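Residue numbers (our numbering), protein chains in the order written: chain A, 324 to 767; chain B, 32 to 324.
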């Protein structure tokens, strides 16, 4: 009984983090937090980003999708710090057709593993359309950094792309013989979209996988400007530092407790929390706080691990790294309060500047822009993209650059915010057309 | 016989190791179409409930207990004086789950759904006995009667508990236990406690669990709780429970999973306590005392 209640916490965690929801952040000195003032996205975009595609608008999906979990031990893995023992193997997920078929590889978004809700929808759609589907974590996911990164310091587009490319080869080479692959395409969403394009560009010179087509869904154009926007969103809606997080937690606790007290429920379960979330998430500021907090929590792990590997000493003392059994609570609290900019200036930049004598901070930022492969994106007809007009990780200039570079090979939806259009009938139909080379459609 | 079970379990674990680089394990099939239909139904139900609520207008003032304010929320720190031991146990649980518990549960998930449902209902029905006792101890007789009715209906018409007829008769199951009784009597959760194999808990909930087990052992209904049969039954019960929990240790890869789970578990129990004492004024949480103490 108890185990049942205690292990059912993960949905709780998801709701809590996706649900800064209940909060009504009102930093006294800040302007009214409408999306327009924050300058990131309109109301509809924020709402779609949090709630995703409504189930009634979801493309029709197959009744059953087989799934295998693959754990890979990669030969180039760096020594695993003892406290990260559970991340030693790369975990990916594979759905095999029982006949020869093209393979679609899907790459997850920032900090996420290869089995997220977004991935499940894409997997189902692709499997239903006849693809074998291999879903992989983001190179910024802790399990990837530890098991598959050659640096331990994630976030460099080209370096991460090479690690990802190597991991793909290793996994595909060791799939069961009965799996017959006729062609390889790659799909990535959010940061995974940029990763997908980079991987294809690497493959174009190395030819080890012969990747055919790539679809980027809501990709960033500049990594650091996108995360900078999310840092600002955090500061504007939650407030700087740990104090803001604590205030948010207190509001959330009180709201859930009051809803629970008023209900007849005897157990605080997932359905109740989902209902509570829907009941309390109302304003743009709520949505913004939810997005900012979710994103921040995803970066905390990457920051911690990067510091540990690079021995920069920002979070932990390289001479006395934390041991198995040590409490990490204070470290976690400190990290939650740190913006992503700190990761760049104190861990990422020092690490890479030491290894690339010609590099400077601005050149590192520039090398993490999608325009490092402008020529390929413009001239190779096998790169495609789907994004939205109100995606909060892109500014107008970046969106225009994508449209200019990809021409007819990008579609920009009016609605959806960041990833809120994934799984929608139109999005799925367009993605499948892009992957099969029937885009742009003849009538256009 | 127990040895034989262990060997079978280990064989199940080792099966499927294909090459040295990769190990491939079949996971339960995904059912996207059904999941989406369920999500649509859920969303519709929420919308309906919200519409009904706004149509009904605000509740009568005297029905509404004084609200919990943000200042009443417990601190973010959690009382965990046995942290070193707890972390050790957490790690053990994670490894046990990965190597044995989860693969066995995944295998079990491949048995036909009606069989699994029957097994699940059977154990739920047995647990109603403990619920009847504890609802009575909590002096929540309405719920006690409901549990009793469920037990009577499902044990007879439901063929010894294999079918959950009572839920279809609008008597849904809501189990309780001695941990909740202690909470109702005013006991705080106490120190955080990770129990071997069972997972996150608190001292109070752990005591409650032992008392529930003791009650079942003492009553020993139809002789199921003592002797050889109890081992087999306990194992199946554990596997059934594990198969119904959508949780994977370290699936998020986070170095801070112990902290996150501890935080969420204790907050959740504290909110449930608030619900148990909803008719009473909110107790002010002391400012500097970690949550749970």
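No residue lacks a Cβ here, since even glycine has one placed at the ideal position from N, Cα and C. What you are looking at is a predicted structure, and each value in this text was computed from that prediction instead of being measured.
Min CB distance residue i to chain B below 7 angstroms
i: residue 655/A; result: yes
i: residue 744/A; result: no
i: residue 756/A; result: no
i: residue 421/A; result: no
i: residue 384/A; result: yes
i: residue 344/A; result: With a pLDDT of only 31 at residue 344/A, under the threshold of 50, the placement of this residue in the model should not be trusted; the figure read from the coordinates follows. No, residue 344/A does not count as interfacial toward chain B.
i: residue 359/A; result: Its pLDDT being 36, under 50, residue 359/A is placed unreliably in this model, and the value from its coordinates should be taken loosely. With 7 angstroms as the cut-off, residue 359/A does not count as an interface residue toward chain B.
i: residue 616/A; result: no
i: residue 624/A; result: yes
i: residue 396/A; result: yes
i: residue 566/A; result: no
i: residue 430/A; result: no
i: residue 497/A; result: yes
Residue i, buried or exposed, once every other Cβ within 10 Å from all chains shown has been counted against 16
i: residue 412/A; result: buried
i: residue 467/A; result: buried
i: residue 438/A; result: buried
i: residue 566/A; result: exposed
i: residue 259/B; result: exposed
i: residue 651/A; result: buried
i: residue 626/A; result: buried
i: residue 679/A; result: exposed
i: residue 158/B; result: buried
i: residue 123/B; result: exposed
Contact with chain A by residue i, beta-carbon distance below 7 angstroms
i: residue 169/B; result: no
i: residue 152/B; result: no
i: residue 67/B; result: yes
i: residue 287/B; result: yes
i: residue 324/B; result: no
i: residue 267/B; result: no
i: residue 63/B; result: yes
i: residue 164/B; result: no
i: residue 121/B; result: no
i: residue 306/B; result: yes
i: residue 202/B; result: no
i: residue 223/B; result: no
i: residue 261/B; result: no
i: residue 309/B; result: yes
i: residue 303/B; result: yes
i: residue 54/B; result: yes
Opposing strand residues paired with residue i [DSSP bridges]
i: residue 747/A; result: 381/A
i: residue 393/A; result: 415/A, 55/B
i: residue 654/A; result: DSSP output for residue 654/A lists no bridge partner at all.
i: residue 692/A; result: 545/A
i: residue 707/A; result: 538/A
Pair within 7 angstroms by beta-carbon distance, residue i and residue j
i: residue 390/A; j: residue 504/A; result: no
i: residue 648/A; j: residue 118/B; result: yes
i: residue 443/A; j: residue 461/A; result: no
i: residue 111/B; j: residue 280/B; result: no
i: residue 743/A; j: residue 375/A; result: yes
i: residue 386/A; j: residue 755/A; result: no
i: residue 284/B; j: residue 595/A; result: no
i: residue 515/A; j: residue 432/A; result: yes
i: residue 244/B; j: residue 233/B; result: no
i: residue 476/A; j: residue 633/A; result: yes
i: residue 561/A; j: residue 615/A; result: yes
i: residue 716/A; j: residue 563/A; result: no
i: residue 745/A; j: residue 381/A; result: no
Listed by chain order, chain A residues near residue i by CB distance under 8 angstroms
i: residue 60/B; result: 387, 388, 389, 390
Under 7 angstroms by beta carbon: chain A residues contacting residue i
i: residue 17/B; result: Here chain B comprises residues numbered 32 to 324, so residue 17/B is not present and cannot be evaluated.
i: residue 132/B; result: Neighbours of residue 132/B on chain A: none; closest Cβ ~10 angstroms, over 7 angstroms.
i: residue 115/B; result: 648
Neighbour list for residue i in chain B, Cβ cutoff strictly below 7 angstroms
i: residue 410/A; result: 284
Listed by chain order, chain A residues near residue i by CB distance under 9 angstroms
i: residue 205/B; result: 588, 589, 590
i: residue 195/B; result: Neighbours of residue 195/B on chain A: none; closest Cβ ~16 angstroms, over 9 angstroms.
i: residue 57/B; result: 389, 390, 391, 392
Neighbour list for residue i in chain B, Cβ cutoff strictly below 8 angstroms
i: residue 638/A; result: Residues of chain B passing the Cβ test: none, with the nearest at roughly 11 angstroms.
i: residue 581/A; result: 98, 99
i: residue 573/A; result: 101, 102, 104
Per-residue contacts from residue i into chain B (C-beta, under 9 angstroms)
i: residue 367/A; result: What residue 367/A touches in chain B: nothing, since even the nearest Cβ is about 18 angstroms away.
i: residue 466/A; result: 281, 282, 283, 284
i: residue 660/A; result: Under the 9 angstroms cutoff, chain B gives no residues; its nearest Cβ is about 12 angstroms from residue 660/A.
Contact test: residue i Cβ vs the ligand GTP heavy atom, cutoff 6 angstroms
i: residue 467/A; result: Looking at this structure, you won't find the ligand GTP or any other ligand, since it has none at all.
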